[in-house]
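Colleague: Per this note's numbering, numbering through the sequence shown is continuous, rising by one, with the last residue being 135.
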Amino acid sequence: MKNTNPLEGSDEPKIKYCLYARRSTESDEQQALSIDSQAKEMLQLAQLEGLDVVDIKRESHSAKSTGQRPVFNELINDLKAGKFNAILAWHPDRLSRNAGDLGAIVDLMDEHRLIEMRTFGQKFTNIIQTL
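(1) For the stretch 52-121, list the alpha helix (DSSP H) runs that are entirely contained and at least 4 residues long, ordered along the chain.
(2) For the beta strand (DSSP E) containing Leu23, name the first residue and the last one.
(3) Determine the direct distance from the alpha carbon of Leu23 to that of Gln48, and round the result to whole angstroms.
(4) Less than 8 Å between the beta carbons of Ala93 and Lys20, yes or no?
(5) Could you check if Asp105 is buried or exposed, using at least 16 other CB atoms within 10 Å of its CB as the buried criterion?
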């Protein structure tokens, strides 16, 4: 059986990020930041913190319904394929606004295919810290 746990055999995994930027629609003026602004801010954060961003995905699509976002589905498939193991997004709601997509993210964390998610001001990880 193939080892899918990047934590085994090393003290610290090599974290490779995909930056994911999304808006419901490009014409929606109620949302705070454009896709390009989200990407710019998160790339600045990545540079400040020395994060390895290996891919950038941009999407203009609503996240209310499960499975309706082609770029998000590509993100999930790329995580499963091991192209990267972390996500960088401006806010958690850029990733999911429905239980189905959130479940896919949680499943990937449980499988250790997704080891970290960072947003502007938040960090979610499945790495157990010991004292």
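Yeah, the Cβ is synthetic: ideal placement off N, Cα and C, and Gly gets one too.
On a predicted model such as this, the values are computed, not experimentally measured, just so you know.
Modeller: Walking through what the data contain:
(1) Segments of the alpha helix (DSSP H) lying fully in the stretch 52-121: 74-85, 96-99, 103-114.
(2) Taken as a continuous stretch (DSSP letters only), the beta strand (DSSP E) holding Leu23 covers 20-27.
(3) The straight-line gap from Cα to Cα measures roughly 12 Å.
(4) Result no, Cβ atoms of Ala93 and Lys20 do not sit closer than 8 Å.
(5) So Asp105 counts as buried.
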